[in-house]
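>
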Amino acid sequence: MKTVAQPVALRDAFGKTLVDLAGEIPELVVLDADVASSTKTAAFGQDFPERFFNVGVAEANMVDIGAGLATCGLKPVVSTFALFLTLKGADQIRNTICYNRLPVVLAGGYGGLSDSYDGASHQAIIDLALMRAMPEMTVYVPADATEVRPALEWALRHDGPTYIRLCRNPTPILFAEEPTLEFGKIRKLRDGSDITIGVCGIPTFMALEAAEKLETGGIKVDLLEIPCLKPLDTETLVDSVAKTGKVLTVEEHNIIGGLGSAVAEALGKEKPSIMGFVGIEDRFTESGDYDDLLAKYGLSVRAIVKKAKQLLKT
Amino acid sequence: MLTADIFRIEPGKILLERDLEKKTAMMQYLAQECRVDVMDIIHQKGTGHWGGAASAAELLVALYFHILNINQQEPRWPDRDRLIISKGHASCMIYTVLAKRGFFPFAEMDTFRQLNSRLQGHPCMNKVPGVEMSTGALGHGMSVTLGMALAAKVQNKNFWSYVLIGDGDLNEGQTWEGIMSAAKFKPERFVALVDYNKVQLDGPSEEIMPLDPLPEKFSAFGWNVPPRLYNGHRVSEILESFDWIQEQERWPVVVIYKTHKGRGVSFMEDNYKWHGSPVDDDTYASARPELLQTLSALKEEL
Chain A
1 MKTVAQPVAL RDAFGKTLVD LAGEIPELVV LDADVASSTK TAAFGQDFPE
51 RFFNVGVAEA NMVDIGAGLA TCGLKPVVST FALFLTLKGA DQIRNTICYN
101 RLPVVLAGGY GGLSDSYDGA SHQAIIDLAL MRAMPEMTVY VPADATEVRP
151 ALEWALRHDG PTYIRLCRNP TPILFAEEPT LEFGKIRKLR DGSDITIGVC
201 GIPTFMALEA AEKLETGGIK VDLLEIPCLK PLDTETLVDS VAKTGKVLTV
251 EEHNIIGGLG SAVAEALGKE KPSIMGFVGI EDRFTESGDY DDLLAKYGLS
301 VRAIVKKAKQ LLKT
Chain B
1 MLTADIFRIE PGKILLERDL EKKTAMMQYL AQECRVDVMD IIHQKGTGHW
51 GGAASAAELL VALYFHILNI NQQEPRWPDR DRLIISKGHA SCMIYTVLAK
101 RGFFPFAEMD TFRQLNSRLQ GHPCMNKVPG VEMSTGALGH GMSVTLGMAL
151 AAKVQNKNFW SYVLIGDGDL NEGQTWEGIM SAAKFKPERF VALVDYNKVQ
201 LDGPSEEIMP LDPLPEKFSA FGWNVPPRLY NGHRVSEILE SFDWIQEQER
251 WPVVVIYKTH KGRGVSFMED NYKWHGSPVD DDTYASARPE LLQTLSALKE
301 EL
């Protein structure tokens with residue numbers, strides 16, 4: 001699979017989609033916490049001021065206002081930086097939104113390390129663990145800008161809460177615009193029989209390149225893009241592992257609680273397998289250029305190739 | 001479940017009563033009757049929060065039997081008024097009032113806080129008809145209710161959104177986020193009602209987290225505050241406060257009610273130890289007659 005189009009930031013796709021869907025979904029309302037120009041909800045706010053609420057830097061309040069709007073039949077998209085949304089809004093997400101199964105879309109902007117220069121205080125590498133632990137929650141991590149719109153459309157029709165993680169920086173377009181995939185299913189990017197690599201989010205482009213490199217060394221990768229961490233498409237995962245016997249997960253998240261954990265939990269029940277984990281090794285990160293930061297904290301083509309080879313030796 | 005040893009007012013008759021004076025006396029009686037039932041249930045089940053439940057009896061009865069535009073046959077009617085009870089630990093009183101208002105059979109109170117019951121320790125909106133929002137963790141009500149009031153604005157609807165909060169709610173930072181943002185958005189028909197009993201779980205609010213001067217704080221935050229506090233245990237005063245609310249054009253509005261935690265039992269009133277302690281047999285034996293004495297006096301007013 002070749003990447004041809006110009007890179008696009010998930011946040012730009014998100015902001016544009018909100019405006020695009022406003023006419024089609026009159027119940028759509030958007031909330032932000034004083035970062036609308038960053039998360040890109042500002043355009044919706046400009047075009048539809050009566051359907052947009054900037055609540056100031058008060059995430060807990062914002063999440064519960066969204067919940068209140070949802071009980072009255074509106075479809076709120078609650079947006080701010082992923083770390084603050086999921087951490088400062090955790091009580092509200094759990095006790096109000098999930099407990100009551102309210103159809104609120106939680107849009108976590110600046111996911112992973114993408115708020116790179118702002119440093120560890122802003123980098124969201126525990127959001128997936130937090131959201132996965134919430135009953136009723138669907139957890140979705142788009143890998144490129146084309147996956148944003150179908151995810152939002154699905155979430156806005158879903159009768160329950162959804163967390164969608166977004167990214168600040170322009171990243172490669174990997175897929176064709178028209179989604180051919182049923183929501184929540186694993187997307188098979190390569191067929192192989194030596195090792196399964198499961199990846200979510202931005203590092204998907206790295207995993208694609210790593211799989212090509214491994215192939216040149218004679219290692220055939222069954223490459224799975226797993227955008228939906230919860231509920232997990234266990235069937236496709238188990239089919240792959242039945243063939244390869246070994247799984248490496250790749251994610252822009254603490255290796256505790258995210259994709260690797262989701263895969264391990266599923267396989268532990270269905271098909272116990274040897275696993276490896278590429279991700280941030282349970283530590284705090286720092287400021288820097290996004291690509292450099294990813295590389296320093298373990299997310300690079302090289303790191304994936306190395307871990308895959310190690311795993312094949314075990 | 002309903003004890004037969006007291007005169008029971010027929011809730012349906014209260015709703016039909018056209019004479020406001022008579023209706024007020026009936027609601028005053030019903031609130032005390034609810035206290036007796038709550039005391040019975042909390043004693044029998046060995047669990048539940050007496051203090052905050054007793055504090056809110058008259059407010060809840062006045063709201064559910066006179067103020068709120070609701071329909072127990074159609075609890076999710078889209079144009080109904082909303083009441084969010086942020087102090088979810090008053091659950092035993094909330095359920096008792098909802099049952100008497102016809103949302104579910106009172107016999108179900110026998111399952112209060114028990115396994116497989118709809119009547120959870122703190123109210124859950126998807127289990128109990130009439131409960132508008134699951135509460136329990138304090139501090140959520142203000143924001144959620146603001147969301148409902150904003151929904152009314154977006155949808156051009158005229159329903160009222162009321163939130164009932166207590167001292168504990170006002171300790172939570174989120175409540176103040178909600179207070180600030182309500183003053184920004186100023187939705188019409190958005191009203192906060194404070195059950196201001198000045199006692200928390202661990203002690204008097206003045207010791208745990210001083211809240212005074214509360215009316216001045218709301219004013220400073222941009223809210224419309226009435227010139228006086230109202231007695232939250234006198235139904236007639238509660239109705240006066242709603243007359244005042246009806247006249248207002250500046251939003252949001254807050255009304256602060258002077259109440260007593262554990263109201264109705266002399267040794268439990270204003271005593272933090274009865275926030276959520278189980279009521280044992282000896283305590284029950286001295287508490288219940290006090291409640292019945294007041295109930296008899298109120299019967300004379302009917």
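Going line by line, the protein sequences match chains A and B. So for the first sequence, our numbering puts the first residue at 1; every next one is plus one. So for the second sequence, our numbering puts the first residue at 1; every next one is plus one. The beta carbon of each residue, even a glycine, is placed where N, CA and C say it ideally should be. Treat the numbers as computed from the prediction; the structure is a model and nothing was measured.
Could you check the C-alpha separation between T47/B and G136/B for me, to the nearest Å?
15 Å
> Where does the unbroken alpha helix (DSSP H) through Y29/B begin, and where does it stop?
20-45
> Listed in chain order, which residues of the segment 85-116 of chain A have Cβ atoms closer than 8 Å to some Cβ of chain B?
D91, Q92, N95, T96, Y99, N100, R101
> Please list, in chain order, all residues of the same chain as R94/A whose beta carbon is under 8 Å from its beta carbon, the five residues on each side excluded.
If you ignore the 5 residues before and after R94/A, its C-beta comes within less than 8 Å of the C-beta of M134, all in its own chain and listed in chain order.
> If you reduce the DSSP assignment to three classes, tell me which class F277/A lands in.
strand
> Does the Cβ of L248/A have 16 or more other Cβ atoms within 10 Å, making it buried, or fewer, making it exposed?
buried
> Take A120/A and list the residues in its own chain whose beta-carbon comes closer than 7 Å to its own, dropping the five residues that flank it on each side.
F284, T285, E286
> Give the list of continuous alpha helix (DSSP H) stretches no shorter than 4 residues that lie fully inside the segment 238-282 of chain A.
259-270
> Mapping DSSP to helix, strand and coil, what is K87/B?
coil
> Is the beta carbon of T171/A sitting closer than 8 Å to the one on A9/A?
yes
> In chain B, which residues lie less than 7 Å from V78/A when you measure between Cβ atoms?
In chain order: nothing, as chain B lies at least about 10 Å away.
> Can you list the residues of chain B that I186/A reaches, using a CB-CB cut of under 7 Å?
Residues of chain B passing the Cβ test: none, with the nearest at roughly 31 Å.
> By the 7 Å beta-carbon criterion, what residues does the segment 42-65 of chain A contribute toward chain B?
E50, R51, F53, V55, G56, A58, A60, N61, D64, I65
> So F167/A packs on S116/A, CB below 8 Å; how close in whole Å?
Residue identity differs from the one stated: residue 167/A is Cys in this sequence, not Phe. About 11 Å separates the two Cβ atoms, so there is no contact after all.
> Specify the secondary structure class of C167/A as computed by DSSP and reduced to three states.
coil
> Taking only runs of the alpha helix (DSSP H) that begin and end inside the segment 190-271 of chain B, which ones reach a length of at least 4 residues, in chain order?
Annotation note: the segment 190-271 of chain B contains the following uninterrupted alpha helix (DSSP H) runs of length 4 or greater, listed N- to C-terminal: 205-208, 214-220, 235-247.
> Tell me, please, whether the CB atom of I129/A is closer than 8 Å to any CB atom in chain B?
Checking the sequence, you will find Ala at residue 129/A rather than Ile. Closer than 8 Å to the CB of A129/A there is not a single CB belonging to chain B.
> If we ignore side chains and look at the alpha-carbon of each, how far apart do T314/A and T196/A end up?
Spanning the two alpha carbons is a distance of roughly 14 Å.
> So, V104/A versus A143/A, is the Cβ gap smaller than 8 Å?
no
> Mapping DSSP to helix, strand and coil, what is M1/A?
At M1/A, the pLDDT of 48 sits below 50, so the modelled position is not reliable and the matter cannot be decided from this model.
> Label A303/A either buried or exposed according to how many other C-beta atoms from any shown protein chain fall within 10 Å of its C-beta, with 16 as the threshold for buried.
In the assembly as shown, A303/A is a buried residue. Its beta-carbon has 16 or more other beta-carbons within 10 Å.
> Could you name the residues of the same chain whose beta carbon sits closer than 6 Å to that of P252/B, not counting the 5 residues immediately before and after it, in chain order?
A182, F190, W223
> Can you list, in chain order, the stretches of the alpha helix (DSSP H) that have 4 or more residues and sit fully within the segment 178-216 of chain A?
204-216
> List the residues of chain B whose Cβ lies closer than 9 Å to the Cβ of A67/A, in chain order.
M133, H140, S143, V144, G147
> I need the DSSP call for I70/B, collapsed to helix, strand or coil.
coil
> Drop a sphere of 10 angstroms on the beta-carbon of S296/B, count the other beta-carbons inside from all chains shown, and report buried for 16 or more, exposed for fewer.
Flag for S296/B reads exposed.
> Across which residues does DSSP place L312/A in a beta bridge pair?
Answer is none; L312/A lacks a bridge partner.
> Taking the alpha-carbon positions, what's the S55/B to H49/B distance?
Taking the straight line from one Cα to the other gives about 11 Å.
> Would you say G232/B and K258/B are within 8 Å of each other, going by their C-beta atoms?
yes
> V97/B and Y64/B - do their beta-carbons sit closer together than 8 Å?
Against a cut-off of 8 Å, the Cβ pair of V97/B and Y64/B comes out as a contact.
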